[in-house]
Each structure stands twice: as structure tokens, then as C-alpha cells.
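Participant: Quick one: the structure is below, questions incoming.
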Amino acid sequence: MHETDIPHGFLISAQDFVSVSADEFERALLAPCSIATWNNLDLMAPANPRVPMDVGDAMEFTVHVGPLSFDYVMIVACRTPGVSYVQRTTKGFVEVTIEYSWKSYGEGTLVTVDAMYRLTGSLRWKKTLTQMVARRFMRVAGRNMRDMFPAGGAAAKEAGPFS
Numbered sequence: 032m033h034e035t036d037i038p039h040g041f042l043i044s045a046q047d048f049v050s051v052s053a054d055e056f057e058r059a060l061l062a063p064c065s066i067a068t069w070n071n072l073d074l075m076a077p078a079n080p081r082v083p084m085d086v087g088d089a090m091e092f093t094v095h096v097g098p099l100s101f102d103y104v105m106i107v108a109c110r111t112p113g114v115s116y117v118q119r120t121t122k123g124f125v126e127v128t129i130e131y132s133w134k135s136y137g138e139g140t141l142v143t144v145d146a147m148y149r150l151t152g153s154l155r156w157k158k159t160l161t162q163m164v165a166r167r168f169m170r171v172a173g174r175n176m177r178d179m180f181p182a183g184g185a186a187a188k189e190a191g192p193f194s
């Protein structure tokens, strides 16, 4: 995991290897239920969380941080089939833009996740706490994403840990 400060926020980048083809990964990524599972989110919408999402589609969910919960709405901002998928919040405690990009790697897929968190106005003082929570969410999401797909045997061993 790599972290960079940006104006009014920070960017966290992580790479993980999943032991499925790039096409299989992309199909899973487009289903809101997969993203909700990876991130331990309570998904409220869309009504059918298995229907693939495309540009302009939205998902609504709740994030739990200790005893607190925050409602978010994320839309698919951009999608380049076979290459990348970008979501951004339109409602939430912190502005978040997440880009997933992937490419075939050996017998699986190398996934890069770039998550940009932006705190504005009166929230800037909460940057340190937000970074701690975001790091934990990124680690858990990476682990859950890897666990969703079957073990890759030799390919996974050759790739090694990326996060």
C-alpha cells in the first residue's frame, strides 16, 4: 500500500493479485454486491445488487466505523471496458473517488486500486483519523477481494503479496 498527500486530502494506492482471469474479475467488479462484500458495506440500492453497473448508475450504502454509521451514494463516473472502472461519491462524510484498474498477470489478474479521499472545509481537521480508517478499509477490502476468488495455486505463489 502506498499513500500520498494531495490538497485537502490523501490518495491510497494498493495492488492485489486475484487468481481469476481479467474478464472474470471485471464481471465481479461491475456487480454492486461484490464491492459491498469486499468493503463490508450495508448495500441499500440498487434493488438488484447482481445487475452490472455502468456509467451513471448509482449504489447506496452505509459504512460503519465503530459505533458510527455514514450513508453514501457512489456513481460510476467512468468505465473503460477491460481496463478501468471509476466510482465517486455524490453523498457522504468524505468525498471519495476510487479507480480500479486491472491487467492479466500470469494465471490471474493484477488489480490496482487508487482511492482518493478529499476533506473540505470544517472536516480538514479529521484527516489523520480518516486516513487511519481508510487504510484499514483498504486492507480489509483487498483481503476480502482475494478471498472471493478461488485459490490460484502456483500463479498466486509466483505473484506474491502486492498489498
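Just so you know, we're using our numbering here: the sequence shown kicks off at 32 and counts up by one. Idealized CB from N, CA, C, for every residue including glycine.
Whose CA, out of MET105, GLY137, MET32, ASP178, lies closest to the CA of VAL94?
Facilitator: MET105
Participant: Report the partner residues of TRP133 according to the DSSP bridge assignment.
Facilitator: Beta-bridge annotation (DSSP): TRP133 is paired with VAL142.
Participant: Leaving aside the five residues before and after ALA62 along the sequence, list all residues of the same chain whose C-beta is less than 8 angstroms from its C-beta, in chain order.
Facilitator: PRO80, ARG81, VAL82, PRO83, MET84
Participant: Assuming the contact rule is C-beta atoms closer than 8 angstroms, LEU72 and PHE92 should be a hit. Round their C-beta distance to whole Å, please.
Facilitator: 4 angstroms
Participant: Might you give, ordered along the chain, the residues of its own chain that have their beta carbon closer than 6 angstroms to the beta carbon of ALA76, omitting 5 neighbours on each side?
Facilitator: GLU91
Participant: Would you kindly report the start and end of the unbroken alpha helix (DSSP H) that includes ALA165?
Facilitator: 158 to 179
Participant: Measuring straight from C-alpha to C-alpha, what distance separates HIS39 and ARG149?
Facilitator: 6 angstroms
Participant: Report back the beta-carbon spacing between GLY139 and VAL49 to the nearest angstrom; my notes put them in contact at under 8 angstroms.
Facilitator: Indeed they touch by this definition, with Cβ atoms about 6 angstroms apart.
Participant: With distance defined between alpha-carbon atoms, name the residue in ALA53, ALA45, THR35, ILE37 nearest to PHE180.
Facilitator: ALA53
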